[in-house]
Amino acid sequence: MDHYCVLGNPVAHSKSPAIHARFSELTGQAMVYSRQLAPLDGFAATLRAWIAGGGRGCNVTVPFKFEAFNLAGTASERAKLAQAANTLKFSGDRQLEADNTDGVGLVNDIQVNAGVSLAGRDILLLGAGGAAAGVLGPLLAARPRRLVVANRTHGKAVELVARHAAHPSLQQLLQKTELLAQAPQGLEGDFDVIINATASSLGGGEVPVDARVLKPGALAYDMMYGAAAQGFASWARSHGAVPRDGLGMLVEQAAESFLFWRGVRPPSTQVLQEMRKALA
Ligand code: ATR
């Protein structure tokens, strides 16, 4: 049996063990997946102990994604763009490889599960923290017409956009996509898709942008799910948009991690449907 885990703090709430158990059942991959709580000042030590114990890989969640990226020997292009990793793989020679599957998970959930194509569309990304940084590269790869990043602290959005605009691997994509940082106050423009990557709903706060940004029927995507996504969803619904929570992103990022580790793509849409049924 190969061993994998999710490392985080807190980690007790994580649905990743259930998702990966179902993936391994459906694909016939012999693996065990558990939760590991790392002390806030002890991520590297917990990771080293996990590797020494024979672990083959792990997912990394809040607040260790940046540390995970910095500890890795090699990293995928999308992890480099995010400067954060949610997936680590340990090979036989103890090399630590980092990937970030959050963005591709989001894009797959929107395009495949929700059936909304992003090519040629106008996208608004709210937030410029770790969650937003993890998805900006893969959103650009979906070739939207316009991608605006809006954040309460404007400087952080400017910095995130500048980092992507200067990145050699994105130069060709950026010939077709207008990538901008704009202040959320007074922001207008009909966006086809708006993505909430802020932590505003966690504190029960208001949606940090005016509803004028929503095109009628726009997709309003919250990276949160469950109770934390309720406020944003009702705001979207009351302004004629179609809300979607982040459960599909969670399942799809897990599927990409599974693929990175095992070379097999699990039936993620089926697992998402099963989870939605179980939660309903
Ligand atoms: P994460 O890794 O989850 O993205 P983070 O890096 O702390 O966490 O970023 C949180 C994001 O939510 C930031 O974009 C933050 O805005 P600031 O950069 O201005 O701090 C945003 N955020 C948090 N609370 C918010 C609120 N009440 N209103 C608007 N934006 C908020």
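In this text, residue positions in the sequence shown follow my numbering: the first is 44, and each later residue adds one. For glycine and all other residues, C-beta sits at the position ideal for the given N, C-alpha and C.
- In the pairwise beta carbon analysis, the stretch 160 to 178 is classified as touching the stretch 190 to 208: at least three pairs are separated by under 8 Å.
- Distances between the C-beta of residue 144 and the heavy atoms of ligand 1 are all 6 Å or more.
- CA-to-CA, the gap between residue 144 and residue 155 works out to about 16 Å.
- If you look at residue 181, you'll find it isn't in any beta strand (DSSP E); it sits in the alpha helix (DSSP H) that goes 173 to 184.
- In this structure, residue 48 sits near residue 77, with a CB-CB distance shorter than 7 Å.
- When 56, 51, 62 and 227 are compared, the shortest CA-CA separation from residue 292 is found for 62.
- About 21 Å separates the CB atoms of residue 194 and residue 185; that is not less than 8 Å, and the two are not in contact.
- Taking all protein chains in view, the Cβ of residue 134 is surrounded by fewer than 16 other Cβ atoms within 10 Å, so the residue is classified as exposed.
- In this structure, residue 70 places its C-beta atom within 7 Å of the C-beta atom of residue 307.
- Residue state for residue 275 is assigned as helix, using DSSP reduced to three classes.
- Taking non-hydrogen atoms of ligand 1 into account, the C-beta of residue 206 is found less than 6 Å away from none of them.
- Taken through DSSP and simplified to helix, strand or coil, residue 78 comes out as strand.
- Distance check between residue 52 and each of 250, 243 and 90 places 90 closest, using alpha-carbon atoms only.
- Relative to ligand 1, the nearest heavy atom lies less than 6 Å away from the CB of residue 251.
- At least one heavy atom of ligand 1 is found less than 6 Å from the C-beta of residue 243.
- Per DSSP, the beta bridge partners of residue 100 are 47 and 132.
- Residue 268 and residue 290 have their C-alpha atoms roughly 6 Å apart.
- About 5 Å separates the Cβ atoms of residue 288 and residue 265, confirming a contact at the 8 Å cut-off.
- The nearest non-hydrogen atom of ligand 1 is less than 6 Å from the C-beta of residue 248.
- The closest CA to that of residue 150, considering only 294, 317 and 229, is found on 294.
- In the structure shown, residue 305 falls within a helical segment according to DSSP collapsed to helix, strand and coil.
- Using a cutoff of 6 Å, the CB of residue 195 counts as near ligand 1, since one of the ligand's heavy atoms is closer than that.
- Using a 10 angstroms sphere on the CB of residue 44, the tally of other CB atoms stays under 16, which defines it as exposed.
- In terms of CA proximity to residue 221, 207 leads the group 207, 141 and 211.
- Comparing C-alpha distances from residue 162 to each of 83, 114 and 216 shows the shortest one belongs to 216.
- When secondary structure is reduced to three states using DSSP, residue 291 falls in the helix class.
- Beta-bridge partners of residue 237 (DSSP): 167 and 263.
- In this model, residue 198 and residue 256 are separated by some 21 Å (Cα to Cα).
- Note: residue 225 is bridge-paired with 193 in the DSSP secondary-structure output.
- Remark: the C-beta of residue 254 is outside contact range of ligand 1, defined as less than 6 Å to any heavy atom.
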